[in-house]
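K.L.:
Could you have a look at this structure, given as structure tokens, before my questions?
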Amino acid sequence: MEITKFASDLPYPTIEVKANLAQSKLLMPSYSGSNGELTAILTYCFQSYISPKYPDLEHALMGIAKTEMHHHHLLGEAIYRLGGYPIMGARTYWNGNMVNYTLDPRKFLQQNIAAEESAIMNYERTILNLDDECIKMMLERIILDEEIHIKIFKELLKEF
Numbered sequence: 533m534e535i536t537k538f539a540s541d542l543p544y545p546t547i548e549v550k551a552n553l554a555q556s557k558l559l560m561p562s563y564s565g566s567n568g569e570l571t572a573i574l575t576y577c578f579q580s581y582i583s584p585k586y587p588d589l590e591h592a593l594m595g596i597a598k599t600e601m602h603h604h605h606l607l608g609e610a611i612y613r614l615g616g617y618p619i620m621g622a623r624t625y626w627n628g629n630m631v632n633y634t635l636d637p638r639k640f641l642q643q644n645i646a647a648e649e650s651a652i653m654n655y656e657r658t659i660l661n662l663d664d665e666c667i668k669m670m671l672e673r674i675i676l677d678e679e680i681h682i683k684i685f686k687e688l689l690k691e692f
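Counting from 1 along the sequence shown, just add 532 to a position and that's the residue number in the numbering used here.
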């Protein structure tokens, strides 16, 4: 199964915001918390490195990791424009123990699906607490990609 599309075709909104430190802090867990984009990037990279026997899986994981890196970039830019400081940690500093090091593809694909579902719930919760419409639109756009990732992981899971 060749997968080439890891993100929605819809454009990401331009980030035009006024400084609001409180709003920037709401984005930090999604940016680099234990279940945030930074953890997703590094988890999917790790999983791709240990999956050379499964080229489709390896390719999909790297493609999804690149999409998550774009999300991380968008969030970091938004945090900074809102007046925050996009450090690699939300309430605690990020560390390598946050990466999912499961070796079994079936297990880690199931865990990836759960992590993507959790990310969507976190984004939806954040949207409810935000005032800035531009940032809400950005998170809604990111959710579309996360939904695609769930579909890809579910398709890949059928092979294991």
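The beta carbon of each residue, even a glycine, is placed where N, CA and C say it ideally should be.
Taking 8 Å as the limit between beta carbons, can you name the residues of its chain near residue 639, skipping five residues before and five after?
P.N.:
A distance below 8 Å between beta-carbons, with the five flanking residues on each side excluded, links residue 639 to no residue of its chain.
K.L.:
Given residue 681, which residues of its chain have a CB within under 6 Å of its CB, disregarding the five upstream and five downstream residues?
P.N.:
596 and 648
K.L.:
Since residue 620 is in the alpha helix (DSSP H), which residue starts that stretch and which ends it?
P.N.:
Where residue 620 is concerned, there is no enclosing alpha helix (DSSP H), given that its DSSP letter is neither H nor E.
K.L.:
Does any residue of chain D have a CB that is nearer than 9 Å to the CB of residue 569?
P.N.:
The structure shown contains no chain D; it holds only a single protein chain.
K.L.:
Is the beta carbon of residue 556 closer than 9 Å to that of residue 611?
P.N.:
yes
K.L.:
With distance defined between alpha-carbon atoms, name the residue in 685, 559 and 627 nearest to residue 617.
P.N.:
The residue among 685, 559 and 627 with its C-alpha nearest the C-alpha of residue 617 is 559.
K.L.:
For the alpha helix (DSSP H) that residue 595 lies in, which residues bound it at each end?
P.N.:
587-613 is the span of the alpha helix (DSSP H), which, as asked, contains residue 595.
K.L.:
Give every residue of the same chain whose Cβ lies closer than 6 Å to the Cβ of residue 689, excluding the five residues on either side of it in the sequence, and list them in chain order.
P.N.:
641
K.L.:
In chain order, what residues of the same chain lie with their CB nearer than 8 Å to the CB of residue 663, ignoring the 5 residues before and after it?
P.N.:
552 and 555
K.L.:
What three-state label does DSSP hand residue 691 in the structure shown?
P.N.:
coil
K.L.:
Buried or exposed, going by whether 16 or more other CB atoms sit within 10 Å of the CB of residue 692?
P.N.:
exposed
K.L.:
Could you spell out where the alpha helix (DSSP H) holding residue 583 opens and where it closes?
P.N.:
Premise fails: residue 583 is in no alpha helix (DSSP H) and is neither H nor E.
K.L.:
Can you give the Cα-Cα distance for residue 658 and residue 591, rounded to whole angstroms?
P.N.:
31 Å
K.L.:
Check each candidate in 541, 671 and 581 and name the one with the smallest Cα separation from residue 637.
P.N.:
581
K.L.:
For residue 537, does the three-state DSSP call read helix, strand or coil?
P.N.:
The three-state reading of DSSP puts residue 537 in coil, since its state is none of H, G, I, E or B.
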